[in-house]
Structures are given as structure tokens and as C-alpha cells.
Amino acid sequence: MSILVNKDSKVIFQGFTGQHATFHAQEAIRMGTQVVGGVTPGKGGQTHIDRPVFDTVKDAVEQTGADVSVVFVPPAFTADAVMEAIDGGIKVIVVITDGVPVQDMVRVKRYLIGHDTIIVGPNTAGVITPEACKVGIMPAHIYRTGRIGVVSRSGTLNYEAVEQMSELGLGISTSISIGGDPVNGCDFLTLMKQFAEDDETDAVLMIGEIGGSQEVEAATWARDHMDKPLIGFIAGATAPPGRTMGHAGAIISGEDDTAQAKMKRLAELDVHVVQNAAEIGRTVQQSLEPQECVA
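Position one of the sequence shown corresponds to residue 1 (full-length UniProt numbering), numbered consecutively onward.
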């Protein structure tokens, strides 16, 4: 089992015929993902990379049974595209687009209330269940199948952690980058609950960063409800206060937002805290001992 996506997921791309969507759809197909088509308004009825193009998400869902969408549309149109996917009945929406206005995401979050849909992103590297389904822009070849769940705000640190674990023989059940914007679709806590219920995930790696309280909220819940090791790393130990970093949501606005404060709090919540990014893989491995680790 995995969370969010698996080999049975049927994926469509919104903004399908664009350059970036085309490249990543081809990569997803090459990795075995069921890409059943895509949406580009005005190009419905055409074929693109041997897949059908639809004018609307509703048409795509009705004719292909799609349940996952990847959004590659420009920032100004992203909110409308996501809400169209929600209306179309898509269950998992992965928003790759960077630079979506904050007020637009607030509007989307409000619209999401009452719908059975999970939004990952925006500004995300995506979601991958190795050798089953790739929905994003990550380099799939570094991911091997296994039993470690990964959830991160940074795509790049996600890749670094996964490669370290691969070198130690540890594989991934599902890896999710939730994105670095101040308003995300889903948060650490939402995904922590899903990993806790996943029978094929033995431990969870959470890669956070300065700013906000998502990491502490998820760790607090995990301490009380999850019977699996939780490993945590907080990026931004040298970030100066008051300056927005590469991720729009990464800013130290108070003492509790610093990397040091977050790591201290995570340690108090029984998280295996990683002090140095170079030690992520080894810390995950140690957290499983003496439990048997199946990669």
C-alpha cells in the first residue's frame, strides 16, 4: 500500500500541451505512471504524446476515469484550474506551479471545504510512489521502493534525503513535497495521519524549515497517535531573522520560528532530530534499529 497515489492511479495533466507538462508527462509515462490524457482548453479532441486532449477536467474524468491531476498552468490561472479539478471529482491535485498569488490559494482553500479532495502544493516537486506512480518533477531514478514515508517542504532536500537512504539500502513507500509557499493545500499533519495508517510504511521522515508551526503540530500528533519512528530535520539554521528565504513561507518572525527552537521542540516530542543534513539517511536507519528494516 502507499498513500495518495499508486499503480492504479489514473493521472491527467492540466496545461497538458505546454512545454513543461509535455516533458514531465513523458517522464511519468516512461516510469510506468498511468497518464490517461490531459486538459488544454481549445484543444479538445486532439492527441498529444499519444494521449487524448480534453477541453475540461469534467470531460477528462468522464471519459478516462482520472482521479489524479497535475497542474502546470500559469500562476494567474492556477486557482481556477484547481477549482475546476475539484468540481470534476479529482481526488488528488498536485500543483507544480510556482508563484501562485497567496489570496488565490486562500480562495482555493475556502472552496475546498466540504470536498473530498487533497491538494499538494503549489510550488511542489510532487508525489511519487516508486515504480508505481510519479506525479511531479522529481528525478524518479533516485527513488527505490521500500517502507519509509517522506514528507517535506523542500523538493531539493527531499532528493538529498532519498539518495542518502538509497545508498544505505532504504527505500520509499511514498514521498511527498508539500511545497514552500505560505498557504499550502495540505500540511504535514494531514499526511502524517495517512502514513500512520499505512501498513507498508515503517517510519516517517519529515523535512521542515523555519517559519510556521506545521512541523510541531504534526510531531505533537505523532507522539500521541503514531506507533512508528518519526525523524525530523529543520532547514534554515543560519537564516537571518525577518528575511524571506527561497521559499515564500520560510521566514523567522518570532523566536519559535527558528530552526534551533523547532528542533528543540521536536526533540521534546520524541522525534529523532537530525542536526546536519548530511546525517539524514543514517538517522533514519538508526531509528529503525533494532527493528527489522525491509527495503
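All residues carry an ideal CB built from backbone N, CA and C; glycine is no exception.
- At a Cβ-Cβ threshold of 8 Å, Asp-181 and Pro-122 count as neighbours.
- In this structure, DSSP gives Lys-264 a helical state, which the three-state scheme calls helix.
- Annotated as proximal: Ser-287 and Ile-231, with beta-carbon spacing under 8 Å.
- Note that the C-beta distance between Lys-228 and Thr-201 is below 8 Å.
- The residue among Ile-142, Pro-75, Lys-7 and Lys-58 with its C-alpha nearest the C-alpha of Ile-86 is Lys-58.
- Within the segment 165-207, the alpha helix (DSSP H) runs of at least 4 residues that lie entirely inside it are, in chain order, 188-197.
- Relative to the Cα of Val-183, the nearest Cα in the group Arg-51, Tyr-159, Gln-214 and Thr-258 belongs to Gln-214.
- Between Ala-132 and Lys-7, the CB-CB gap stays under 8 Å.
- One Cα belongs to Gln-194, the other to Val-108, and the distance between them is close to 22 Å.
- Burial check for Asp-80: the Cβ neighbour count within 10 Å stays below 16, so the residue is exposed.
- Remark: fewer than three beta-carbon pairs, one from each stretch, lie closer than 8 Å, so the segment 145-164 and the segment 57-76 are not flagged as touching.
- According to the DSSP assignment, His-272 belongs to the beta strand (DSSP E) that extends over 272-274.
- The beta strand (DSSP E) runs lying completely inside the segment 93-146 and spanning 3 residues or more are 118-120, 126-129 and 133-136, given in chain order.
- For Ser-69, the enclosing beta strand (DSSP E) begins and ends at 68-71.
- Assigned with DSSP and collapsed to three states, Pro-52 falls in strand.
- In the displayed model, Glu-279 falls within a helix according to three-state DSSP.
- Annotated three-state conformation of Gly-38 is strand, per DSSP.
- Lys-43 carries a coil assignment under DSSP once its states are collapsed to helix, strand and coil.
- Going by beta carbons, Ala-259 and Ile-234 fall inside the 8 Å limit.
- Here Pro-52 is buried, its C-beta having at least 16 other C-beta atoms within 10 Å.
- Under the three-state reduction of DSSP, Ala-235 is assigned to strand.
- Beta-bridge partners of Leu-230 (DSSP): Val-204.
- Non-local beta-carbon contacts of Glu-217 in its own chain, meaning distances under 6 Å to residues more than five positions away in sequence, involve Leu-189 in chain order.
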